[in-house]
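Using full-length UniProt numbering, the letters of the sequence shown map in sequence onto residues 1 to 111.
All residues carry an ideal CB built from backbone N, CA and C; glycine is no exception.
Quick notes on the structure that follows.
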Amino acid sequence: MRVTALSDAEPFESPGHDGVAPLWVQGGPATPVDRFTVVLSRYEPGGRAAPAVQPAETVYVLLSGALAFESADRRVVAGPHDTVHFAQGETRAVTNEGDVPASMLVIRARS
């Protein structure tokens, strides 16, 4: 069993993200996991992830706040405990349009 305390999670920079503070929870450099990664991301108001093609299947689990997710043909605002799935190769964008921070888990298959 491997446990990562929030205080031990590693921050990192994610290209194309502004106003976002991601932390490796599992699957980062200090916590090798074979088939997937788990990142805790905090989006400040106005924070965004620019449109990008997903390198692998990805599931987003909203923990707090609300985030707008966009694909090529759909836009949805997700709130706490909602989940959003993007297939490998699908383009996604994420924006915090609210006035409070939002947080989510990002669970991604290894590509």
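Residues near residue 129 by beta carbon distance below 7 Å, same chain, minus five either side: In the structure displayed, the chain extends from 1 to 111; residue 129 sits before or after that span and is not available.
Length at least 3, wholly inside the UniProt domain "Cupin type-2" (40 to 107): the beta strand (DSSP E) runs in chain order: 58 to 64, 67 to 70, 75 to 78, 83 to 86, 91 to 95
For a test of the three-state rule: what should DSSP assign to residue 34, helix, strand or coil? Mapped onto the sequence shown, residue 34 falls at position 34. DSSP places residue 34 in coil when its eight states are reduced to three.
Residue 61 to residue 1, Cα distance in whole Å? Residue numbering aside, residue 61 sits at position 61 when the sequence shown is read from its first letter. Residue numbering aside, residue 1 sits at position 1 when the sequence shown is read from its first letter. Between the C-alpha atoms of residue 61 and residue 1 there is a straight-line separation of about 22 Å.
Just the C-alpha distance for residue 64 and residue 99, rounded to the nearest angstrom, thanks. By one-based count along the sequence shown, residue 64 stands at place 64. By one-based count along the sequence shown, residue 99 stands at place 99. Approximately 12 Å between the Cα atoms of the pair.
Going by C-alpha to C-alpha distance, which of 3, 107, 16, 7 sits closest to residue 53? Taking the sequence shown and counting its residues from 1, one reaches residue 53 at position 53. Closest by alpha carbon: 16.
Alpha carbon to alpha carbon, how far is residue 55 from residue 88? Give it in angstroms, no decimals. Translated into the one-based positions of the sequence shown, residue 88 becomes position 88. Translated into the one-based positions of the sequence shown, residue 55 becomes position 55. Residue 88 and residue 55 have their C-alpha atoms roughly 6 Å apart.
Compare the C-alpha of residue 66 against each of 57, 48, 74, 58 and name the closest. By one-based count along the sequence shown, residue 66 stands at place 66. Residue 66 has its Cα closest to that of 48, out of 57, 48, 74, 58.
Give the straight-line distance between the Cα atoms of residue 34 and residue 28, rounded to the nearest whole angstrom. Reading the sequence shown from its first residue, position 34 is the one you call residue 34. Reading the sequence shown from its first residue, position 28 is the one you call residue 28. For residue 34 and residue 28, the distance between alpha carbons rounds to 11 Å.
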